[in-house]
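See structure below.
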Amino acid sequence: MDRIMTETPVFPRDQAVPRFVAETVLFVFLAHALAFFLHEYSHAVTAWLLGFKADPLALHYGHADIVNILLQREIDENVAYGPIYAAHRDGAAALIALSGMALGNGALYVLCFWCIRRVRPRDMNRPAVRFLFWLALMGAANLWSYAPIRTITTHGDMAEMARGLHMSPWLLLPFVTLPSILAMYSFFFRLVVPNWAWLFAGGPARPVFAAAMTGLLYFGFFGAAGLFGSYGDVCALLSIVSLFVLFPLSVVFCLLATGMGVIGFGQGHGQDGGAPV
Numbered sequence: 017m018d019r020i021m022t023e024t025p026v027f028p029r030d031q032a033v034p035r036f037v038a039e040t041v042l043f044v045f046l047a048h049a050l051a052f053f054l055h056e057y058s059h060a061v062t063a064w065l066l067g068f069k070a071d072p073l074a075l076h077y078g079h080a081d082i083v084n085i086l087l088q089r090e091i092d093e094n095v096a097y098g099p100i101y102a103a104h105r106d107g108a109a110a111l112i113a114l115s116g117m118a119l120g121n122g123a124l125y126v127l128c129f130w131c132i133r134r135v136r137p138r139d140m141n142r143p144a145v146r147f148l149f150w151l152a153l154m155g156a157a158n159l160w161s162y163a164p165i166r167t168i169t170t171h172g173d174m175a176e177m178a179r180g181l182h183m184s185p186w187l188l189l190p191f192v193t194l195p196s197i198l199a200m201y202s203f204f205f206r207l208v209v210p211n212w213a214w215l216f217a218g219g220p221a222r223p224v225f226a227a228a229m230t231g232l233l234y235f236g237f238f239g240a241a242g243l244f245g246s247y248g249d250v251c252a253l254l255s256i257v258s259l260f261v262l263f264p265l266s267v268v269f270c271l272l273a274t275g276m277g278v279i280g281f282g283q284g285h286g287q288d289g290g291a292p293v
């Protein structure tokens, strides 16, 4: 069984809460930008490797305004799918569409999960592990924003993948949603539960703020993606469920995670693999 960190009290006296909040906001913006560019460059590099893009670094970057800099709202992979279909390379189009989700998000989450589960607390300072935590969230939550949230639609990555594979988005839905659900389970039960108390120790304000941010980002910011961009009624309905049902439930889950971690719930590897941090 994993060794749970008990040296630090779960809720010691609040210390430097404003600094913790500032750190969290900074980490969230940095992690979002890193995950976003990994997603878009995964599309671009795959298209380049397949011969459908001249420059893998030539994204569409948009305007240099504060919103675009912080949230990358106008940036995309700048891949033209029309010529790919015209060349009867539908499978290549599907692969390019899949690469953002699979490499930019899925592989990112797996890497962050592996790092957090393998390091020992004494080997890395807490802020470094917290950054990996937020980066892992970006990877897993991005998966959620595509599958199931924005799969049943007529445009976007999942629509291009369905078109390239010559299959209905409804048929594609279970195949792309399964890894998203597995990532969600892994994130909340294998990362949040055993590591929450140590990651956000320092007073009651820290785990409460972190829980609100975790739920807001995962099921609010990413989960509400189907409400914007004219993705259709099914996507909007899924986003409403994510925002108004799963968001509050996830906050409560995170607040309960400290107790679950103390009793050993959600542990998945032995001491030889490294204690949770």
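Everything in the sequence shown is counted per our numbering, starting at 17 for the first residue and increasing by one.
Using N, Cα and C, we set each Cβ at its ideal position, and we do this for glycine too.
Beta-carbon separation (whole angstroms), residue i vs residue j, contact threshold 8 Å
i    : j    : result
L271 : P223 : 7 Å
F294 : W150 : Given that the chain is displayed from residue 17 to residue 293, the structure contains no residue 294 and the question cannot be resolved.
A273 : V208 : 5 Å
R166 : G172 : 6 Å
I112 : L66  : 7 Å
G107 : S58  : Contact doesn't hold; Cβ gap of about 17 Å is too wide.
Residues of its chain near residue i, where Cβ-Cβ distance is below 7 Å and the 5 sequence neighbours each way are ignored
i    : result
A175 : T169 and P185
L86  : F45
L259 : F235, G236, G239 and A240
S255 : I165, G239, A240, A241, G242 and L243
Y97  : A109 and E176
M200 : A156 and W160
G275 : none
P143 : E39
L262 : F235 and G239
Terminal residues of the alpha helix (DSSP H) in which residue i lies
i    : result
R206 : Neither: R206 is in no alpha helix (DSSP H) and is coded neither H nor E.
E93  : Segment: none, E93 is in no alpha helix (DSSP H) and carries neither H nor E.
F53  : V33 to L65
P223 : A221 to G231
F129 : L124 to R134
Among the options, the one whose alpha carbon lies nearest that of residue i
i    : options                   : result
L265 : D249, L254, S246 and T230 : T230
L114 : F216, F225, A60 and G248  : A60
R35  : A221, L66 and A108        : A221
Q88  : L259, P190, R134 and A51  : A51
R146 : A217, P164 and Y97        : A217
I91  : C251, A80 and P99         : A80
A102 : F68, G122, L119 and I82   : F68
T40  : D106, V250 and F225       : F225
A32  : A252, I100, L253 and G219 : G219
L124 : E56, G78, A63 and V267    : E56
Secondary structure of residue i, DSSP reduced to three states
i    : result
H104 : coil
S76  : It should be noted that the sequence gives His, not Ser, for residue 76. Three-state result, H76: strand.
M183 : coil
V261 : helix
D18  : Its pLDDT being 45, under 50, D18 is placed unreliably by the model, and nothing is read from it.
M140 : coil
P164 : coil
Y97  : helix
A306 : Residue 306 lies beyond the residue range present for the chain, which begins at 17 and ends at 293; the question has no answer from this structure.
S246 : coil
D3   : There is no way to answer for residue 3, as the model of the chain reaches only from 17 to 293.
G218 : coil
D81  : coil
T274 : helix
F238 : coil
P25  : Any reading at P25 must be qualified, since the residue scores a pLDDT of 44, below 50, and its modelled position is unreliable; the value itself is stated next. Coil.
T169 : coil
G290 : In this predicted model, G290 has a pLDDT of only 37, less than 50, meaning its place in the structure is not dependable enough to derive any value.
Cutoff 6 Å; reference residue i; Cβ partners in own chain excluding five residues on either side
i    : result
L148 : C128, C131 and I132
F203 : A156
M117 : Y162
G248 : T169
Residue i at chain B interface by Cβ criterion, 9 Å
i   : result
R35 : The question asks about chain B, but that chain is absent: this structure has only one protein chain.
Contacts around residue i, its chain only, beta-carbon distance under 8 Å, and the 5 residues preceding and following it disregarded
i    : result
A74  : A60 and N94
L189 : A163, P164, T167 and I168
L153 : A47, F203, T230, L233 and Y234
V83  : R89
G122 : G155, L159, P195 and A199
Residue i beta carbon near the ligand FMN (any heavy atom closer than 8 Å)
i    : result
F147 : Looking at this structure, you won't find the ligand FMN or any other ligand, since it has none at all.
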